[in-house]
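Here's the structure, in structure tokens; my notes come after.
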Amino acid sequence: MAKLTERQDNNALRMLPMPKGLIDFSSNDYLGLARNVDIFNKASKLLEKKGAWANGATGSRLLTGNNGLYRQLEEVLASFFGSESALVFNSGYDANIGFFSAVPQRTDVVFYDELSHASIRDGIGMGLAQSYKFKHNQLEVLSRQIDRVRERKIGSDIYVVTESVFSMDGDTPDLRALVELCASKGAYLVVDEAHAVGVFGKRGEGLLNELGLQDMVFARIVTFGKAMGCHGAAILGSDALKSYLVNFARSFIYTTGMPPHSLATILAACEHLSASGREQQQLSANISFFKDQLKNYDLEASFIPSNSAVHCCLVEGNEKVKNWSLQLQDRGFDVKPIMSPTVPKGQERLRFCLHSFNTENEIKDVLLILAELFDKR
Ligand SMILES: Cc1ncc(COP(=O)(O)O)c(C=O)c1O
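Each step along the sequence shown adds one to the number in full-length UniProt numbering, with nothing skipped, and position 189 is 189.
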């Protein structure tokens, strides 16, 4: 309880908010697919066609929870994302803890970007391998760290993990250089594409696909709860990796499978992304417009450089960032504060999530208020 009081004293107590019907600059529903009626209807029709009248999976996939929809979905995902295999997990959190707690062995070493998502860090913490963080996106530092470990630990496998779009920064590592670095050091590269799916790639297959690097990584984590507007995740990799995870990833084995309607919704969302690039084009236009407006309002220097749907404005201190977020909310815009300890102290920020459905006027208006807040400081 003392820890709760400490949180309260630091202005950092987490509470569950209810929707307030504000203009959305905060959800991960980058393409508006979470409320796409066509996808909803297609999923229902698919369930009807398959006679999949079930509200739940009834058990772990290793017992009674597996079915034809899972097989169909994993085939579609492997083909959509361009991978030998796909294994569906109940969430991105489960996928990351499953992978990192099971794949690297006791004698192995994992290097992870210091800003990696909690699910990656939790997974590494649950595993037996030694782990080291490296400075955010600093590949030269990483290269020296790998060399030092290689000198000491000949014969161990080295894993490097990063995100193609960082969830709390919106920025991206130099993926081409990282792929080359890992190849030259004989390290296995794992990339979490949670915030790149739907945003990058011709049909939204992610940033590695856009760069033609999808075959150069050991594993990719893709999630369906963000731009795809559904729920769940998959680990993409080789058939052998899939079989290993089915046998050893505890967050896959010891949990009930997803209900059929979740699987059908992911299938319908994949079909939608394959058929229509409309939302992705609108999102991309909005990202360009937002960046132009940052220049217009002289706000560029306060933002972390980003080409993704996530744009963060640094506003130091929990109290101040919370206050600015409330002022934006009072004026009708849902922009969330990201406070410490979620981000390091001193790097608190307002996180603007852009969507295909945001209008240019909404973007101009929200940035005008932000510029006023900076002027009033
Ligand atoms: C980079 C990253 N990986 C994994 C996850 C977890 O995904 P999920 O919400 O499907 O559990 C998130 C969610 O915030 C994320 O940002």
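Note that CB positions come from ideal geometry on N, CA and C, so glycine has one too. The structure presented is a predicted model; accordingly, all values stated were derived computationally and were not measured.
Sequence-distant residues of its chain with Cβ nearer than 7 Å to residue i (five each side left out)
i, result
"G204", "V197, G198, A227, L273, Q280"
"L175", "S164, L207, L208, L211, L213"
Residue i Cβ short of 6 Å to ligand 1 heavy atom set
i, result
"A269", "no"
"T223", "yes"
"Y93", "yes"
"D192", "yes"
"S274", "no"
"H311", "no"
"S27", "no"
"E163", "yes"
Simplified DSSP state of residue i, which is helix, strand or coil
i, result
"R14", "coil"
"Q347", "coil"
"Y30", "coil"
"H272", "helix"
"C182", "helix"
"V103", "coil"
"H261", "helix"
"A43", "helix"
"T162", "strand"
"G56", "coil"
"F200", "coil"
"R331", "coil"
"Y188", "strand"
Buried versus exposed call for residue i [16 or more other C-beta atoms within 10 Å across all chains shown]
i, result
"K336", "buried"
"K295", "exposed"
"E114", "exposed"
"L283", "buried"
"V37", "exposed"
"A242", "Looking at the sequence provided, one finds Lys at residue 242 rather than Ala. Label assigned to K242: buried."
"V321", "buried"
Neighbourhood of residue i by C-beta, 6 Å cutoff - its chain only, sequence neighbours within 5 removed
i, result
"R351", "C312, K336, I338"
"D157", "D108"
"Y300", "The residue asked about is misnamed: residue 300 is Glu in this sequence, not Tyr. Within the same chain, E300 has close Cβ partners L294."
Contact belief for residue i with residue j at Cβ below 8 Å, rounded distance in angstroms
i, j, result
"H117", "D192", "6 Å"
"A2", "P260", "Rounded, the Cβ-Cβ distance is 45 Å, inconsistent with contact."
"A233", "S91", "6 Å"
Sequence-distant residues of its chain with Cβ nearer than 8 Å to residue i (five each side left out)
i, result
"L128", "P104, Q105, R106"
"F134", "F111, Y112, D113, E114, V141, L142, Q145"
"V343", "M168, R349"
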